[in-house]
Ligand SMILES: Cc1cc2nc3c(=O)[nH]c(=O)nc-3n(C[C@H](O)[C@H](O)[C@H](O)COP(=O)(O)OP(=O)(O)OC[C@H]3O[C@@H](n4cnc5c(N)ncnc54)[C@H](O)[C@@H]3O)c2cc1C
Ligand code: FES
Ligand code: FES
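Written out as C-alpha cells, the structure reads:
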C-alpha cells in the first residue's frame, strides 16, 4: 500500500530535530526499516517525519572495554559489527547485532531504531492493536500464537518484545539517554520497555517528541555471550535468544545476568536461571540446570510450547559460550 | 502508480490551509481550544519551520544516479525504488515485497547495498546511487558470471543478487563460499537458483582477479 502523505524535515542538529519533532503527529525516522513498513501497512500514519540520519552527532561508537563504550543511537548496525571494541569485549552484543536481519538491513538500521522498533505480532501489524482484543476476547489466545509469549501470559499483552539488541544491552547493564523538550534523562535500557495494560498504552516508555541519543555500556568485566535460535539464518527475527553476563571468581560464578528474547512482551530477565547458577562452577551440568530453571514458571500458550525447550537450550548454550566451552561437544 | 503518488492524504487540506493562510490564521485556529500543550508544540513547530525546511507536497530533488545528476519531482513519501523506476526509468531494481524483506530492490547508496523500497528518495540527495545499469557487462563483470553460471531462472531476483554480489566483491574481492553466502543472505530467490548464484559469485571473483 502507498504510504499516506507526510511532511519531511531533515535537520542537521539535535536541537533542530527536537524542534521539528515538537509538531503534533511527528515521528523520528532513522533507517526506516521498521517505520516505513508500518506506514505502508497503515498501522502508523504520522503527519511529519523527522529524519535523524543527517544529525551526524548521533552516530558513532566511542570508548573502550576499560572505560565502557558509548554507541550513538544513529549508529548503523553495520558499524556496531565493524567496531573492534564491541567485538573484543562485548561479544554478546556483537554476535546479536551480526545476526540481525540481513546485510542490507544492517546497512540501513540504527541502534536507536532497533531498540524502538514496534512488535512484530501479526495481530498488531494487521491493525488489531497491541493487545488484540475483540469483544473482550484475546485474538492471540484464540488464534495462531506460535510466536507469542511464554511468560507474563496471565496478562493481556502476549506479543514478544522485538528488539534483538535490547537483550544483550540489558545483560551488559547498559543505560539509554533520551533528550526531550524538558531536557535529558538517562535510564537503564530495560526501562525503555513495559507491558501495556490497555490498547492505548505503548510498550515503549519514550514519549512523542523525545529522541534517544545513545546507549552507554559499562566497562567490560567477566564473560558475556549470546546464543540465538532462528527458523532461518537470515531475513527473520530470532525465535528465542539468550544473553548472559557473568562475573567469575576463579571458576565460580559470583554474579550473573541472564536475559531472554522472544518469551515475553518485555526483554525478560530470568532471575531463576541466575539464582540457579550463582555460587556454582560453570559446567555443562550447571548450564543445563540454569536453562531448566529459566523455564520453570513458563506458561506457554496453545501453540508455543516449543519455545520452552528452545529457551532451555539457548540459555545453556549462551552460558557455555561465555565460559569458552564448545556447546556442540558438550 | 502515478495517480497513487499524487493522491492527497485525507485531512491534508486542513494543514495546507494552515500553512497557506499565514501565521495569524494558523494560531487563531490552533489556540481556539484551551490546549496549552498543543499550542506550545505548534509554536515550536512554526519556529522549527523557520530553521529547518519542512518539505511537503511535490518536492523537486536531484539524485546522482549512475554518475548522472537526475532532476525530478517526488513527494516525501516516494521511495527511492519507485522514484528510480517510475520517475527516472531506471528499472533494474525490482519491486517485490516492498517491505525490506526480499532484496529484489537492492541498490548501492554511497557504495553500501540497501533496500531501495524502504528508503525515501528525499533522503538520498547528495548521495551516490548506483544500480546494476552501471555495472560492467563484459566478461569480467558480475552480470556475465550470472549468465555463464545459470545464476537465474525467472530472473526477477537477479538484479538484486547481482547488485549485492557486486557490493560484496567491491569490499571483499576474494571471498570464501561462506563469505559469499553471508554477503548474499539479504536476497531471496523464489525459484531457488541459489547453487547457480553462489557459483556465479565465486566465478565473478575469479575473473575480476583476472585468473
Ligand atoms: C527482513 C527483516 C529482518 C529483521 N530481523 C531482525 C532481527 O533479527 N532482530 C531485530 O532486532 N530486528 C530485526 N529486524 C528489524 C530491524 O532491525 C529494525 O527494523 C531496525 O533495527 C529499526 O531501525 P531503523 O533505524 O530502521 O528504525 P526506523 O524504522 O527508522 O524507526 C523505528 C522506530 O524507532 C523510532 N526511532 C528511530 N530512531 C529513534 C531515535 N533516535 N529516537 C527516538 N525514536 C527513534 C522511529 O520513530 C520508529 O518508531 C528485521 C527487519 C527486517 C525487515
Ligand atoms: S522489494 Fe525491497 S526488499 Fe523486497
Ligand atoms: S530466478 Fe526466479 S526468483 Fe530468483
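Residue numbers (my numbering), protein chains in the order written: chain E, 1 to 330; chain R, 1001 to 1211. A virtual CB, placed ideally from N, CA and C, is assigned to each residue, including glycine. These figures come from a predicted structure and were not determined experimentally.
Examine ligand 1 and report whether any of its heavy atoms sits within less than 7 Å of the Cβ of residue 27 of chain E.
yes
Who's in the neighbourhood of ligand 3, going by beta-carbon under 7 Å from any heavy atom, listed in chain order?
R:1152, R:1153, R:1154, R:1155, R:1156, R:1157, R:1158, R:1189, R:1190, R:1191 and R:1193
Is it true that the CB of residue 316 of chain E sits closer than 8 Å to the CB of residue 150 of chain E?
no
Indicate whether at least one CB of chain R lies closer than 8 Å to the CB of residue 3 of chain E.
yes
Looking at C-alpha atoms only, which residue of E:123, E:322, E:138 and E:81 is the closest neighbour of residue 242 of chain E?
E:322
Strictly below 8 Å CB to CB, what residues from chain R border residue 6 of chain E?
1009, 1056, 1076 and 1077
Cβ contact (3+ pairs, closer than 8 Å) linking the stretch 1193–1206 of chain R and the stretch 1130–1150 of chain R
yes
When we look at the beta-carbon of residue 182 of chain E and count the other beta-carbons within 10 Å, is it buried (16 or more) or exposed?
exposed
Who does residue 260 of chain E pair with in a DSSP beta bridge?
E:242 and E:268
Could you check which residue in R:1134, R:1089, R:1132 and R:1109 has the C-alpha nearest to that of residue 1123 of chain R?
R:1109
How is the beta strand (DSSP E) around residue 104 of chain E delimited, first residue to last?
Segment 103–108 is the alpha helix (DSSP H) holding residue 104 of chain E; no beta strand (DSSP E) there.
Is the closest heavy atom of ligand 1 to the C-beta of residue 201 of chain E under 7 Å?
Residue 201 of chain E Cβ: outside cutoff for every heavy atom of ligand 1.
Could you tell me whether any Cβ in chain E is nearer than 8 Å to the Cβ of residue 1159 of chain R?
no
For residue 262 of chain E, decide whether its Cβ has a neighbour in chain R, counting only Cβ atoms nearer than 8 Å.
no
By the 10 Å Cβ neighbour count, where 16 or more other Cβ atoms means buried, how is residue 38 of chain E classified, buried or exposed?
buried
My assumption, with CB atoms under 8 Å, is that residue 114 of chain E sits in contact with residue 172 of chain E. Please give the rounded CB distance.
Their Cβ separation, rounded to whole angstroms, is 15 Å, which puts residue 114 of chain E and residue 172 of chain E out of contact at 8 Å.
Do we get a CB-CB distance below 8 Å when we pair residue 1195 of chain R with the residues of chain E?
no
Leaving out the 5 sequence neighbours to the left and right, which residues in its chain are closer than 7 Å to residue 152 of chain E when beta-carbon positions are compared?
195, 264 and 265
Does residue 233 of chain E get closer than 8 Å to chain R when you measure Cβ to Cβ?
yes
Please go through the stretch 120–192 of chain E and give each complete alpha helix (DSSP H) segment of 4 or more residues, from N-terminal end onward.
122–125, 139–142 and 166–171
Between residue 1026 of chain R and residue 1066 of chain R, what straight-line distance do the alpha-carbon atoms span, to the nearest angstrom?
Interpretation of residue 1026 of chain R is limited by its pLDDT of 39, a score under 50 that renders its predicted location unreliable; no figure is taken from the coordinates.
So residue 21 of chain E and residue 55 of chain E are supposed to be a Cβ contact under 8 Å. How far apart are they, rounded?
Rounded, the Cβ-Cβ distance is 11 Å, inconsistent with contact.
Does any heavy atom of ligand 2 sit closer than 7 Å to the C-beta of residue 1095 of chain R?
Flag set: Cβ of residue 1095 of chain R near ligand 2.
Show which residues of chain E have a CB atom less than 9 Å away from the CB atom of residue 1129 of chain R.
Ordered by position in chain E, no residue passes the 9 Å Cβ test against residue 1129 of chain R, which lies about 14 Å from the chain.
Determine the burial state of residue 1053 of chain R: buried for a count of at least 16 other Cβ atoms within 10 Å of its Cβ, exposed for fewer.
exposed
Candidates E:227, E:272 and E:292: closest to residue 324 of chain E by CA position
E:227
Does the distance between the C-beta of residue 47 of chain E and the nearest non-hydrogen atom of ligand 1 fall short of 7 Å?
no
Residue 224 of chain E bridges to which residues according to DSSP?
E:245
Run through chain E and tell me which residues come within less than 8 Å of residue 1112 of chain R, C-beta to C-beta.
78 and 107
For residue 1149 of chain R and residue 1175 of chain R, what's the separation of their Cα atoms in angstroms?
17 Å
Between residue 272 of chain E and residue 294 of chain E, how many whole angstroms is the CB-CB distance? I'm expecting something under 8 Å.
6 Å
Interface residues of chain E around residue 1143 of chain R at Cβ under 7 Å?
Those do not exist, as residue 1143 of chain R stays about 19 Å from chain E at its closest Cβ, beyond 7 Å.
Listed by chain order, chain E residues near residue 1186 of chain R by CB distance under 8 Å:
101, 102, 103, 104, 105, 234 and 235
Is any beta-carbon of chain E found at less than 8 Å from that of residue 1095 of chain R?
no
In the structure shown, what three-state DSSP assignment does residue 68 of chain E receive?
strand
Spatial neighbours of residue 318 of chain E within its chain, please: CB distance less than 7 Å, with the 5 preceding and 5 following residues excluded, ordered by chain position.
225, 226, 227, 242, 243 and 244
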